[in-house]
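Worksheet for the structure shown next.
Protein chains in written order, with the numbering used here: chain A, 1 to 791; chain D, 792 to 952.
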């Protein structure tokens, strides 16, 4: 019987009422009295030496308040990278400066050169056109392999070359080489994990405000983590002490990782508001977003899988070029290393796993985390090479995976992480059942009767979520802790405000978090409200990404609520003249165990704030508690996915005819929200597999800079309701957080790209096109057609 | 500058606009009706869909001056007079057809136009109609369910077909 409230229920979302009636408060909806508008003049060349910026004609134009260039930021810090990676020689990664406005050179199309602040946006844009630029075009490095060749043009002149770091991890070379030498079979695959643009539907916005009277700064920004922005911008860029800097992330229209990072425009608007003594507002256009939001993925990898004569995996070795773009974005360095390398064991008990990553600077937009952040890259290459191996060996791809599953937990992988719990057999079996694998042959015959090829793709995945234990990531080079926080403030009349460090930009925290607190206290969810997004109101949390909100912030909320319960029991004990150890709390009532003496929630809360009959010698008045929660480990959601595609051999068009995801997220608080997260993740994974590609030409010109050229998935690109099941009934609760939750926000984007590509290859092989061993994403009609026709 | 007068959500409004002021700007900046959103600059995302004289229009691709004398309806005008959600809005909430909410006003306005033109659309017709509305959060699954439900059709039955 499904619950209708508390943990496990799916109450309707509170957020929906304002979003459905146009009453949301997104950052572009915020207008501050007297605000000026900024337009950024951005580089239209990928690489150039700035010889001069002549703003003289622009300055006198109507409405212009002030024009800024890189010179104005010489006394100010650059945008920091939050994670220092150490290379395989023990040296720190290269960290070139990342100025707020370009200094000396422009390094990618979109690099901001000047900022025009004016009374209206139109006046700012018009004046920007009057700025005369003297920029000497330099050769652009775009291809990573070419960027690493000796003599290649350097993106950063002070560095010796374009290599950010050369990183190696996991099993040592001698042991790994031996595994491959002794292998009965080695499968090799070279592949590209294509560059993507996150494209949340809300473009980025920043509004900076400064009060001279209070010497206080306020920044409204489309961020997934306002405290992180406050810390990075205040401490490392602008030198503003945190108590004088308030950052507000109001309603945010999607993030997917790209709104984690501290961006130049945020620092600019904050800086300019003081410099101009006026609020300064910036709103990205979509084209601007394409050339200024951090991009995602962009790995080129060779992966090798070694098997023994019984088809057991005995070695995995990867060699990856990972694109950093022109500058290091906030978490860029950690994505191909600690978020990708550590997942290369996958769901399998391979004893030797070695990961090699070279991070490369190129004249492209900076690359950083995007939904899955490193785990889609790891999963894609592993699950594709396994599929290829199955084909080469003539074994069933499900059976090959099954025989190599990890079955004993906890399991210490060769790549540092230890999986606490899991049951990969359960999700595989669930996937087979929901997919009706047995019925595939008949479905294939039906497709072939229509002249279509039909393929079945299957894969597993595992990911590391709920980042992360602070001292572990600190050892790995993180410059931040990764705990989170919650303050539970009980009011005198019994209602509760919970101030959380997590941030909801679609995940429904305002609905889900109260379910947890309500379950613990036995009171109605409607009595509990969530406050998030404003650094002046919430305790310091690291924000929402990496599927961490419930696992980390939710755990903080649980701990804070436990403190509330402990204190409330003391108050109740006093009111009931009993020891607090004899007090039970159930359904919002405090009862002396074994009696019918009780006192209601509201009586206790009132007593806390009107402490007339109260144990003042023992405890303080008030009922408000805070907890900071540092997780003991990552969490490890895992699953098995399958899809069937039809491929039209004449046109190469691929359609998804059936899709099943069987995920293990541990305990689930709100099933409806979890399914929605999986739907959205799978749509992005299908988008990567079939449609999306952020493309540059060899001169570094961004070819896909609008929705005219970047194919976003639309409703008719996704499978129909009857053919699409997302399941999370297999649950091995996380062993190390109080809710037993693992997180679910990214799984769909991680698990689905290999599912689709595996299915396409299967379809082509069924049509006799066995020469096709791989097609790089996006598997567009032209790429399929070319593969079929041997081109 | 030119003076425009129109009814928006049943109320007559006037304003001074330039020749190149977009209807989105007039709604958002002049009338402070910020429910209509801007998600792209190539007229593809649909976050800006409103109704002009009963038809769904992308307000980013229409000048305010073109709407002079027109009847305009935005997301702010979709709820019932007593403030309760309309059938379509309620269906979106019932079926979790929104996450971040940014595409939602355009989705609701497009859905309303579809159901006016085609009161009992098939699933394929709904998906095809939404070609001009991009959502990045939901994967469309629950949006399609919501629209099918709002049309009075049995969602589980369709899902089982």
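Note that the Cβ used here is the ideal one computed from N, Cα and C, for glycine as well.
From the DSSP output, which residues share a beta bridge with residue i?
{"i": "residue 168 of chain A", "result": "A:356"}
{"i": "residue 39 of chain A", "result": "A:116"}
{"i": "residue 647 of chain A", "result": "A:453, A:654"}
{"i": "residue 807 of chain D", "result": "D:794"}
{"i": "residue 534 of chain A", "result": "A:248"}
{"i": "residue 639 of chain A", "result": "A:461, A:663"}
{"i": "residue 528 of chain A", "result": "A:496"}
{"i": "residue 361 of chain A", "result": "A:325"}
{"i": "residue 443 of chain A", "result": "BP columns for residue 443 of chain A are empty, so no partner."}
Cβ atoms of residue j and residue i: under 9 Å apart, would you say?
{"i": "residue 868 of chain D", "j": "residue 806 of chain D", "result": "no"}
{"i": "residue 371 of chain A", "j": "residue 257 of chain A", "result": "yes"}
{"i": "residue 696 of chain A", "j": "residue 46 of chain A", "result": "yes"}
{"i": "residue 842 of chain D", "j": "residue 897 of chain D", "result": "no"}
{"i": "residue 547 of chain A", "j": "residue 675 of chain A", "result": "no"}
{"i": "residue 515 of chain A", "j": "residue 737 of chain A", "result": "no"}
{"i": "residue 552 of chain A", "j": "residue 532 of chain A", "result": "no"}
{"i": "residue 631 of chain A", "j": "residue 469 of chain A", "result": "yes"}
{"i": "residue 272 of chain A", "j": "residue 66 of chain A", "result": "yes"}
{"i": "residue 486 of chain A", "j": "residue 498 of chain A", "result": "yes"}
{"i": "residue 659 of chain A", "j": "residue 637 of chain A", "result": "no"}
{"i": "residue 503 of chain A", "j": "residue 223 of chain A", "result": "yes"}
{"i": "residue 645 of chain A", "j": "residue 656 of chain A", "result": "yes"}
{"i": "residue 247 of chain A", "j": "residue 221 of chain A", "result": "yes"}
{"i": "residue 346 of chain A", "j": "residue 460 of chain A", "result": "yes"}
{"i": "residue 334 of chain A", "j": "residue 148 of chain A", "result": "no"}
{"i": "residue 323 of chain A", "j": "residue 357 of chain A", "result": "no"}
For residue i, would you say it is in contact with chain C, using Cβ-to-Cβ distances shorter than 9 Å as the test?
{"i": "residue 507 of chain A", "result": "Here the protein chains are A and D, and chain C is not one of them."}
Would you kindly report the start and end of the unbroken beta strand (DSSP E) that includes residue i?
{"i": "residue 317 of chain A", "result": "313-325"}
{"i": "residue 121 of chain A", "result": "From DSSP, residue 121 of chain A is part of no beta strand (DSSP E) but of the alpha helix (DSSP H) over 121-128."}
{"i": "residue 221 of chain A", "result": "216-221"}
{"i": "residue 415 of chain A", "result": "First-last for residue 415 of chain A: undefined, no H or E at that position."}
{"i": "residue 823 of chain D", "result": "Note, residue 823 of chain D: premise wrong, no beta strand (DSSP E); not H, not E."}
{"i": "residue 48 of chain A", "result": "48-54"}
{"i": "residue 208 of chain A", "result": "205-211"}
{"i": "residue 782 of chain A", "result": "First-last for residue 782 of chain A: 781-788, but that is the alpha helix (DSSP H), not the beta strand (DSSP E)."}
{"i": "residue 67 of chain A", "result": "64-69"}
{"i": "residue 304 of chain A", "result": "299-307"}
{"i": "residue 583 of chain A", "result": "583-586"}
{"i": "residue 625 of chain A", "result": "624-629"}
What residues from chain A crowd round residue i, counting only those whose CB sits closer than 8 Å?
{"i": "residue 880 of chain D", "result": "20, 21"}
Just the chain A side, please: which residues come within less than 7 Å of residue i by C-beta, in chain order?
{"i": "residue 896 of chain D", "result": "22"}
{"i": "residue 919 of chain D", "result": "716"}
Cβ closer than 8 Å: which chain D residues qualify as neighbours of residue i?
{"i": "residue 204 of chain A", "result": "Result: empty, since nearest Cβ-Cβ is about 12 Å, beyond 8 Å."}
{"i": "residue 707 of chain A", "result": "831, 833, 835, 836, 925"}
Could you tell me the boundaries of the alpha helix (DSSP H) in which residue i lies?
{"i": "residue 752 of chain A", "result": "747-766"}
{"i": "residue 269 of chain A", "result": "264-276"}
{"i": "residue 885 of chain D", "result": "878-885"}
{"i": "residue 386 of chain A", "result": "375-393"}
{"i": "residue 181 of chain A", "result": "173-181"}
{"i": "residue 452 of chain A", "result": "It is not in any alpha helix (DSSP H) - residue 452 of chain A carries neither H nor E in the DSSP assignment."}
{"i": "residue 521 of chain A", "result": "509-521"}
{"i": "residue 230 of chain A", "result": "226-231"}
{"i": "residue 915 of chain D", "result": "914-920"}
{"i": "residue 135 of chain A", "result": "Segment 132-137 is the beta strand (DSSP E) holding residue 135 of chain A; no alpha helix (DSSP H) there."}
{"i": "residue 940 of chain D", "result": "932-941"}
{"i": "residue 290 of chain A", "result": "286-290"}
{"i": "residue 837 of chain A", "result": "Beyond the ends of chain A as shown, which are 1 and 791, falls residue 837 of chain A; an answer cannot be given."}
{"i": "residue 424 of chain A", "result": "424-435"}
Identify the contact partners of residue i in chain D, using a Cβ-Cβ distance below 7 Å as the criterion.
{"i": "residue 29 of chain A", "result": "825"}
{"i": "residue 724 of chain A", "result": "932"}
So which residues on chain D does residue i lean against when the C-beta distance must stay under 9 Å?
{"i": "residue 144 of chain A", "result": "What residue 144 of chain A touches in chain D: nothing, since even the nearest Cβ is about 28 Å away."}
*Contact between the region 248-263 of chain A and the region 275-286 of chain A: three or more CB pairs below 8 Å?*
The region 248-263 of chain A vs the region 275-286 of chain A: no contact.
*Is the region 309-316 of chain A in contact with the region 349-356 of chain A, if contact means three or more CB pairs nearer than 8 Å?*
In this structure the region 309-316 of chain A lies against the region 349-356 of chain A, because at least three pairs of beta carbons, one per stretch, are closer than 8 Å.
*So, do the region 418-427 of chain A and the region 389-408 of chain A have three or more beta carbon pairs nearer to each other than 8 Å?*
The region 418-427 of chain A is in contact with the region 389-408 of chain A.
_Cβ pair count under 8 Å reaching 3, the region 361-368 of chain A against the region 287-305 of chain A_ = In short, these stretches touch, since the Cβ pair count reaches three.
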